[in-house]
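S.K.: Just so we're aligned, residue 261 is where the sequence shown starts under the numbering used here, counting upward by one.
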Amino acid sequence: MVMLQGAVPLNARRFQVDFQCGCSLHPRPDIAIHFNPRFHTTKPHVICNTLYRGRWQVEARWPHVALQRGASFLLLFLFGNEEMKVSVNGQHFLHYRYRLPLSRVDTLGIFGDISVTAVGFLNINPFAEGGSEYPVGHPFLLRSPELEVPCSHALPQGLWPGQVIIVRGLVLPEPKDFTLSLRDEAAHVPVMLRASFADRTLAWVSRWGRKKLILAPFLFYPQRFFEVLLLCQEGGLKLALNGQGVGATSLGQQVLEQLRELRISGSVQLYCVHY
Numbered sequence: 261m262v263m264l265q266g267a268v269p270l271n272a273r274r275f276q277v278d279f280q281c282g283c284s285l286h287p288r289p290d291i292a293i294h295f296n297p298r299f300h301t302t303k304p305h306v307i308c309n310t311l312y313r314g315r316w317q318v319e320a321r322w323p324h325v326a327l328q329r330g331a332s333f334l335l336l337f338l339f340g341n342e343e344m345k346v347s348v349n350g351q352h353f354l355h356y357r358y359r360l361p362l363s364r365v366d367t368l369g370i371f372g373d374i375s376v377t378a379v380g381f382l383n384i385n386p387f388a389e390g391g392s393e394y395p396v397g398h399p400f401l402l403r404s405p406e407l408e409v410p411c412s413h414a415l416p417q418g419l420w421p422g423q424v425i426i427v428r429g430l431v432l433p434e435p436k437d438f439t440l441s442l443r444d445e446a447a448h449v450p451v452m453l454r455a456s457f458a459d460r461t462l463a464w465v466s467r468w469g470r471k472k473l474i475l476a477p478f479l480f481y482p483q484r485f486f487e488v489l490l491l492c493q494e495g496g497l498k499l500a501l502n503g504q505g506v507g508a509t510s511l512g513q514q515v516l517e518q519l520r521e522l523r524i525s526g527s528v529q530l531y532c533v534h535y
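#1: Is the region 363-383 touching the region 273-287 in the sense that three or more CB pairs, one from each, lie closer than 8 Å?
#2: With DSSP run on the structure shown, which of helix, strand or coil describes Leu538?
#3: Using the Cα positions of Glu521 and Thr302, report the straight-line distance between them to the nearest angstrom.
#4: Hey, how far is the Cα of Arg359 from the Cα of Asp290?
#5: Below 8 Å on the Cβ atoms is my guess for Leu491 versus Val451; work out the distance and round it to an integer in Å.
#6: Tell me which same chain residues have a C-beta within less than 6 Å of the C-beta of Ser332, skipping the five on either side of it?
#7: For Pro297, which residues does DSSP report across the bridge?
#8: Helix, strand or coil, according to DSSP, for Glu494 in the structure here?
#9: DSSP three-state call for Ser392: helix, strand or coil?
#10: Per DSSP, what kind of secondary structure is Gln317 in: helix, strand or coil?
#11: Check whether the region 435-448 touches the region 472-490, taking contact to mean three or more Cβ pairs, one atom from each stretch, closer than 8 Å.
#12: Tell me whether Thr439 is buried or exposed, calling it buried when 16 or more other Cβ atoms sit within 10 Å of its Cβ.
#13: Leu516 lies in the alpha helix (DSSP H); which residues open and close that run?
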């Protein structure tokens with residue numbers, strides 16, 4: 261899934277988002293998916309098309325634009341087996357069937373009258389079973405004081421089965437560690453997730469300091485985006501990193517309900533914390 265966050269200028273005429281098969285200028289690469297909102301016509305609309313060997317195919321047109329001049333937006337491009345779906349600000353907008361193999365796409369091009377604040381390449385929630393058509397794409401908060409590390413977030417009602425904690429961000433250039441801890445009303449830490457970059461290990465740490473190594477590939481890399489998902493379920497927490505389920509830890513339901521604080525520290529810059 262690709263998330264595009266930004267705003268449309270008041271005087272915008274058009275912009276385009278291209279999923280390209282290459283990045284050359286001459287010759288022009290094939291474009292598997294061309295998403296093109298147009299505001300300057302008497303009837304604003306959106307065009308989707310495919311460029312193959314220098315020729316545009318038959319265009320698909322949607323007679324209205326869910327985006328507005330002068331307004332911010334959150335676009336999600338969700339890629340299925342046979343088609344791409346697009347949502348605007350949480351609402352489904354269009355779908356477009358592939359005309360070229362998606363495996364050929366290796367470049368994202370954004371052109372025209374658009375102000376981009378963030379581009380995210382997000383993983384599908386591996387814990388999701390059915391539910392809504394689109395995964396939830398939470399906006400990135402860039403340089404937000406609430407996300408300055410170390411940071412603390414209240415859990416006034418604890419955790420309950422089905423709740424998912426989402427942490428997204430960037431690993432700093434020379435990282436040392438990354439810690440995510442959950443604290444109860446007495447400031448005890450029943451569970452902590454710790455990543456050590458020195459020995460490239462990931463572990464659960466109990467309130468007594470005992471470590472339980474997570475036997476999975478170390479998926480944190482300097483200057484790379486990361487995503488941590490914690491799914492609360494009866495009997496404990498399940499962990500996913502960058503879209504891959506990597507393990508779980510056991511906790512009683514009473515312990516989960518008594519949790520009151522989420523703390524994050526270490527060599528990371530945070531873009532999103534949601535629960």
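Backbone N, C-alpha and C define an ideal beta-carbon position, used for all residues, glycine too.
M.R.: In short, the structure shows the following:
#1: yes
#2: Absent from the model: residue 538. The displayed extent of the chain is 261 to 535, so no value can be given.
#3: 53 Å
#4: Each residue's Cα considered, the two are about 11 Å apart.
#5: That pair is no contact at about 13 Å.
#6: Excluding positions up to five away in sequence, the list reads Ala267.
#7: Secondary-structure assignment with DSSP links Pro297 through a beta bridge to Val306.
#8: Three-state result, Glu494: coil.
#9: Confidence at Ser392 is low in this model, with a pLDDT of 47, below 50, so the placement of that residue should be treated as unreliable; the coordinate-derived value is given next. Ser392: coil per DSSP, three-state reduction.
#10: coil
#11: yes
#12: Buried is the call here.
#13: Bounds of the alpha helix (DSSP H) holding Leu516 are 513-517.
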